[in-house]
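Student:
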Amino acid sequence: GKQHNLKIIKTNLTCETSKNSLSEFFWDLRLRMSNTQQRHRHGSLKQTNKPHKTGRHRSKSAVENANKGKTSVKALSRKMDKVMSRDSRRQQANQLRKNKRAETMNKKRQLGTAEYAPFLVCLLPLEASIDPRSTLDMLEKCDPEAIVYKNSTGITYLSVPRFKQRFSFIVPPVGRGNEFTALDYLKVADTTLFIVSANNPEGEIMDKWGARIFQMALAQGLPTPIVALQDLESIAPKKRIPMKSGIQKVIEKMLPDQKLLSLDTNSDALNLLRKIGAQKKTKLRNRMYRPHLYADRVEYEEEVLKVTGYLRGTPLDVNRLVYIPGLGDFQMAQIDVITDPYPIDKRNLDQEIVRKVFAVADERQTPLDRENAVDDVMQEEEEEAVEEETEKPKKLVKRVPVGMNSYTAAWIPDVEEVEEDEESEDESDDDDEDFMSCASEVDSNAEMDDDGSQNDDQEYEEITEEEGISNEAKYDEGMDLEEEKRSLDKLKAAQLDKRWPDEIDTPQDIPVRLRYQKYRGLESFRTSPWDTEKGLPSDYSRIFHFENFRNRARFELKEAAAVVGVPAGLFLTIHIKGVNRDIWDAFKSGQESENFIIYGLLPHEHKMSIVNCILRRTPDSEMPIESKERLIIQCGYRRFLANPIYSEHTHGNKYKFEKFFRPDEVVVASFYAPIQYPPAAVMCFRQNPDSSVSLVAAGSLLSCDPNRIILKRIRLSGYPLKILKDLAVVRFMFFNAEDVNYYKPIQLRTRCGRLGHIKESLGTHGHMKCRFDGQLKSQDTVYLQLYKRVFPKWTYQECLKTAIPRQGGVNRDIWDAFKSGQESENFIIYGLLPHEHKMSIVNCILRRTPDSEMPIESKERLIIQCGYRRFLANPIYSEHTHGNKYKFEKFFRPDEVVVASFYAPIQYPPAAVMCFRQNPDSSVSLVAAGSLLSCDPNRIILKRIRLSGYPLKILKDLAVVRFMFFNAEDVNYYKPIQLRTRCGRLGHIKESLGTHGHMKCRFDGQLKSQDTVYLQLYKRVFPKWTYQECLKTAIPRQGVSGSGSMDID
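Numbering follows the UniProt record's numbering, with no gaps: position 429 of the sequence shown is 429.
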């Protein structure tokens, strides 16, 4: 075709050369060539535009042309609503901004005025030596025209006519044990006035208690803070400015936006009041959305509690519930509005107090039902479900397919349906946490555990020994060694779990498929499904849950300000019904201060559910917290005790269970508690051995969702025996062929990241052939991961204020127990000398009785009669010699004289001492007698240990000693200590030989080959606090006096 076209072109060239114009020739040539070329055909990826559909309806331009500018009224108004010009939109935005600003300014101007409640200011000193009452006196006297009111509950009202504002001041108790009371004051305060002193010789602005309460206040949510500096004028004028600037730098680190104010003169006090009234208030949203009241007066009449005070926050509905910290949830009977008794204007002081009933509860009142009522039909269904579950395991065990290709299965579908009940599962959970140390494990594992336990004991002993040598006696007396040992064990368990997470030892005495029958496998933790309605505990039938908690919380918080009820700012009396007389008496006797606070609850906030909180450990909390450990939790306005479980804070619909809450970690804690809408601050406290509390974690409320899936993971580990390309023989994961075939569907993983599956079982002892996606390394470890859903335990307990034992009073229960346990009518009274009721360490000289032959071990429980007292104690024994240090005796042997030391009340010698031992037949026998020596805690009792070595080579006064140490570091560490031998030679370590603990020593003479070399080490020991009075009771008391029960004030 191309050759033919060329020929035509050539013939045409010869024919057309006779034409006149060359341009016409080329134009004609171009047209002929275009006719001979092929056209382009587009491919399948060519863009095709959507055609304009004009047949179905008219276009906009056609409609406008047909209407000829005519528009209906409805269309015009609708168009004007939707479409606004640029200037109209700007004006609308400005108007909305102006309205919002006016509303905010109106609320701000209302605070502290005659039409609203006064500013509630909490005076909080950061040192125990600062008296807040002196600060309050200065504020009262700063303005001569100010009106001061004081009531019986400790509130001081201050009305300042020049500012047209009112202030109310509250002072919480300060010192150890008052942390919770101070936090309750800060919850309802509008302003926090921190008081610091410039008269501190050490230069610190806060003591330990101040630092602790400041940290707790920040975690709870600090109201508008102001820092006032006192005693600045007591310092030399040249040092005032450097002192103030130094304290200001410290304050800027704690509160970056705050400026230090001086408070030494009346003008300073007026400036402080002016700042309190004009300062921008911090919004605490948990308090802003709920009505609350700090009581001005409280009266109790026939199970009705009348609480009077200013209402703050949002309006209060009489048909809703109220919460009283320390008492619980209650219903209201009515609300009375009273004329404000604390006016700003002096002319209104003589006004008549008028009381008017504002609202009375009706049939719409919220009931006090906290738990969901379970009907009989539901209980029968639960029982049938339990029976079905007990029937399923036998079928499951029998129908396990052998030899099927189960690698594609994502999980074992019916692993949870087994015959074991919940209680046995709880016990198995505890066993899981203890890593299933079975008696039938491999001997090598047992030897490893034994070695590990010995190493732990040695490490612990060395630590306490160093502390005993380096620290003062006063520090050691306040230390609880048993608590230290428990903390050490917990720390080691947390480190072990962090190093080998979720790894357990496979039990050999029970099949794995039965031991972990409630566990199942997951192909993918992120994407594999998990039924939220399956395997729920019985407690789930008692709780409530929302279909969408976030939407419900958003709706309730939005509607809180629009509630039809008593508006905030009024002075009113709330009648609370259903307050039991015994509960009220216990509350009053257990209350150390006169504070009384009421919170109004939003709908459903009294019902039980599962609360999930995001928590982070505090910087000064180092000990790990174990799941299900008892903690004091403050969530918003509630404070209670619970045992939370912890899980990861990640995205997804399943969350991994965490056995320990370690430092520098963020977890989600789940526990049973009443519903509360976020935002709300959450704080977790741990009770110390000395009954004080310490803040260990803080965070915020996440949700109240029982459908949060928390999965506990266990990892069965195996080790490759033979490796051939992608095949491997794995052992020690199972110990029978049935378990291997049962867990075939589950995917295997290795520590180095390989994936595989079980191919077949080899033999009958649990060996199995596995295939992986690559060749394994010989040091790799194979894991099989199993999961089980876990739930928190129902351990919720309100922190109610109970009676505090008062000194000098005889309790009725104690007297009844004394009378019932008294066999005769004798009644004897002893008068005590000064200080003889105070505790100390008592030292007694004792000698064994002739008929007592069995040795008495130190810390053995004895009945001791010292003078006129009889009690139980666990004494320790030491030598009775001259000097200032005394050797500890492990046993009190016959025909010996020792000094026994124990905690007991002080008593002045001379006083006879007798020690009795209780026999198996409940009789007692006298084992030792003596006299009181002293009540001296400074008696130094040293426990001695002797490290022994043996001479290997002897050359005159030199000798090579071995078997005392086994590394060169220990030899160099103990060089300064003198050596002694059995034959009386003295010497010292000269140098280390090699790396295995041999050492060259020099003595004061030549050693004998049969001699033994000793290195003596000492540690100070103390008795345990095990004092317990021998009280006459009908029922023997359990426990140790002094340990105490936990009462939350």
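Ideal placement from N, C-alpha and C gives every residue a C-beta, glycine not left out.
Comparing C-alpha positions only, which one of D257, L926, I856 and R939 sits nearest to G883?
Tutor: The residue you call residue 883 lines up with position 883 of the sequence shown. For the residues D257, L926, I856 and R939, the minimum Cα distance to G883 belongs to R939.
Student: Go to P343, then tell me how far its beta strand (DSSP E) extends in each direction, as first and last residue.
Tutor: Taking the sequence shown and counting its residues from 1, the one referred to as residue 343 is at position 343. No beta strand (DSSP E) contains P343, which DSSP labels as neither H nor E.
Student: Kindly give me the distance between the Cβ atoms of I876 and I945, rounded to whole angstroms, as I take these residues to be in contact under 8 angstroms.
Tutor: Counting from one through the sequence shown, the residue named residue 876 turns up at place 876. Counting from one through the sequence shown, the residue named residue 945 turns up at place 945. The pair is not a contact, with the Cβ atoms about 16 angstroms apart (cut-off 8 angstroms).
Student: Which ranges would you report for the alpha helix (DSSP H) in the region 566-631 if only whole runs of at least 4 residues count?
Tutor: 581-590
Student: Do you know how far the Cα of R166 is from the Cα of T113?
Tutor: For this step, residue 113 is matched to residue 113 along the sequence shown. For this step, residue 166 is matched to residue 166 along the sequence shown. Spanning the two alpha carbons is a distance of roughly 6 angstroms.
Student: Counting C-beta neighbours from all protein chains within 10 Å, is the total for E889 16 or more, i.e. buried, or is it exposed?
Tutor: Against the sequence shown, residue 889 aligns to sequence position 889. Looking at its Cβ environment, which holds 16 or more other Cβ atoms inside 10 Å, E889 is buried.
Student: State the DSSP-derived secondary structure class of F827, mapped to helix, strand or coil.
Tutor: Position 827 of the sequence shown holds residue 827. Reduced to three states, the DSSP call for F827 is coil.
Student: I need the DSSP call for F555, collapsed to helix, strand or coil.
Tutor: On the sequence shown, position 555 is the one that residue 555 refers to. It is helical.
Student: What are the start and end residues of the beta strand (DSSP E) that includes Q279?
Tutor: Here residue 279 refers to the residue found at position 279 of the sequence shown. Run containing Q279: none; DSSP gives neither H nor E here.
Student: Measuring CB to CB, does A929 end up less than 8 angstroms from Y1027?
Tutor: Mapped onto the sequence shown, residue 929 falls at position 929. Mapped onto the sequence shown, residue 1027 falls at position 1027. Cβ distance not < 8 angstroms, so A929 and Y1027 don't count as in contact.
Student: I'd like the list of long-range same chain contacts for R89, defined as Cβ closer than 7 angstroms, with 5 residues on each side in sequence excluded.
Tutor: In the sequence shown, counting from the first residue as 1, residue 89 sits at position 89. Excluding residues within five positions, none has a Cβ falling inside 7 angstroms.
Student: For D739, which residues of its own chain have a beta-carbon under 8 angstroms away from its beta-carbon, when the five flanking residues on both sides are left out?
Tutor: Counted from its first residue, the sequence shown places residue 739 at position 739. Around D739: P511, V512, R513 and G766.
Student: Restricting to runs no shorter than 3 residues, where is the beta strand (DSSP E) found entirely within the region 291-330?
Tutor: If one requires a minimum length of 3 residues, the beta strand (DSSP E) runs lying completely within the region 291-330 are 292-301, 304-312 and 321-324, in chain order.
Student: Where do the ends of the beta strand (DSSP E) carrying R97 lie?
Tutor: Reading the sequence shown from its first residue, position 97 is the one you call residue 97. From DSSP, R97 is part of no beta strand (DSSP E) but of the alpha helix (DSSP H) over R86 to Q110.
Student: Do you know offhand how far E1029's Cα is from H837's?
Tutor: Within the sequence shown, residue 1029 is the residue found at index 1029, counting from 1. Within the sequence shown, residue 837 is the residue found at index 837, counting from 1. Within the model, the alpha-carbon separation for E1029 versus H837 is close to 12 angstroms.
Student: Identify which residue in G699, R520 and V782 has its Cα closest to the Cα of S717.
Tutor: In the sequence shown, the residue the question calls residue 717 occupies position 717. Nearest of G699, R520 and V782 to S717, Cα basis: V782.
Student: What residue does the beta strand (DSSP E) around T981 start on, and which one ends it?
Tutor: What you label residue 981 is simply residue 981 of the sequence shown in a count that begins at 1. Looking at the DSSP string, the run of the beta strand (DSSP E) that includes T981 is L979 to T981.
Student: Tell me the DSSP secondary structure of S694 in three-state form.
Tutor: Numbered from its first residue, the sequence shown carries residue 694 at position 694. Three-state result, S694: strand.
Student: One question on the structure: do V897 and Y886 come within less than 8 angstroms of each other, judged by their Cβ atoms?
Tutor: Start at 1 with the first residue of the sequence shown, and residue 897 comes out as number 897. Start at 1 with the first residue of the sequence shown, and residue 886 comes out as number 886. No, these two residues do not count as a Cβ contact at 8 angstroms.
Student: Taking 6 angstroms as the limit between beta carbons, can you name the residues of its chain near R515, skipping five residues before and five after?
Tutor: Working through the sequence shown from its first residue, we reach residue 515 at position 515. Answer for R515: P507, listed in chain order.
Student: Which whole-angstrom value is the C-beta distance of L631 and C684, which I expect to be below 8 angstroms?
Tutor: Here residue 631 corresponds to residue number 631 of the sequence shown, with the count starting at 1. Here residue 684 corresponds to residue number 684 of the sequence shown, with the count starting at 1. At roughly 5 angstroms, the Cβ-Cβ gap stays under 8 angstroms, so L631 and C684 are in contact.
Student: Looking only at DSSP bridge pairs, what is T750 linked to?
Tutor: Residue mapping note: residue 750 aligns to position 750 of the sequence shown, counting from 1. For T750, which the question treats as bridged, DSSP gives the partners V782.
Student: If we ignore side chains and look at the alpha-carbon of each, how far apart do R980 and K943 end up?
Tutor: In the sequence shown, residue 980 corresponds to position 980, counting from 1. In the sequence shown, residue 943 corresponds to position 943, counting from 1. One C-alpha to the other measures close to 17 angstroms.
Student: Taking C-alpha atoms, which residue in P144, M999, Q279 and R731 lies nearest to K108?
Tutor: Taking the first residue of the sequence shown as 1, we reach residue 108 at position 108. Looking at the Cα atoms, Q279 is the closest of the given residues.
Student: Is it right to say T995 is buried, meaning 16 or more other beta carbons lie within 10 angstroms of its own, or is it exposed?
Tutor: Translated into the one-based positions of the sequence shown, residue 995 becomes position 995. Looking at its Cβ environment, which holds fewer than 16 other Cβ atoms inside 10 Å, T995 is exposed.
Student: Skipping 5 residues on each side, what residues in its chain have a beta carbon closer than 7 angstroms to that of N372?
Tutor: Within the sequence shown, residue 372 is the residue found at index 372, counting from 1. These residues qualify, in order along the chain: S541, R542, I543 and F544.
Student: Are there 16 or more other CB atoms within 10 angstroms of the CB of F966, so buried, or fewer, so exposed?
Tutor: Against the sequence shown, residue 966 aligns to sequence position 966. Here F966 is exposed, its C-beta having fewer than 16 other C-beta atoms within 10 Å.
Student: Which residues in the same chain have their Cβ closer than 6 angstroms to the Cβ of Y342, if we skip the five residues on either side of it in sequence?
Tutor: In the sequence shown, the residue the question calls residue 342 occupies position 342. Same-chain partners within the cutoff: Y149 and Y157.
Student: Given that a residue counts as buried once 16 or more other Cβ atoms are within 10 Å of its Cβ, and exposed if not, what is S437?
Tutor: Working through the sequence shown from its first residue, we reach residue 437 at position 437. Because the pLDDT at S437 is just 34, under 50, the model does not fix this residue reliably, and the point stays unresolved.
Student: Going straight from the alpha carbon of L1031 to that of I829, what length do you get?
Tutor: What you label residue 1031 is simply residue 1031 of the sequence shown in a count that begins at 1. What you label residue 829 is simply residue 829 of the sequence shown in a count that begins at 1. Those two C-alpha atoms are separated by around 14 angstroms.
Student: Roughly how many angstroms separate the alpha carbons of V418 and Q634, rounded to a whole number?
Tutor: Numbered from its first residue, the sequence shown carries residue 418 at position 418. Numbered from its first residue, the sequence shown carries residue 634 at position 634. Only weak support is given to the placement of V418: the predicted model assigns it a pLDDT of 40, under 50, and the question is left unresolved by the model.
Student: What does the alpha-carbon distance come out to for the pair L602 and N707?
Tutor: Within the sequence shown, the letter at position 602 stands for residue 602. Within the sequence shown, the letter at position 707 stands for residue 707. Those two C-alpha atoms are separated by around 22 angstroms.
Student: With contact counted as at least three CB pairs below 8 angstroms, one residue from each stretch, are the region 769-777 and the region 633-648 in contact?
Tutor: no
Student: Secondary structure at N266, three-state DSSP: helix, strand or coil?
Tutor: Translated into positions along the sequence shown, residue 266 becomes position 266. It is helical.
Student: Restricting to Cα atoms, I'd like to know which of P537, T339, I235 and D1011 is closest to V354.
Tutor: The residue given as residue 354 occupies position 354 in the sequence shown. Closest by alpha carbon: T339.
Student: Should the region 483-501 be regarded as contacting the region 644-663, the criterion being three or more beta carbon pairs within less than 8 angstroms?
Tutor: yes
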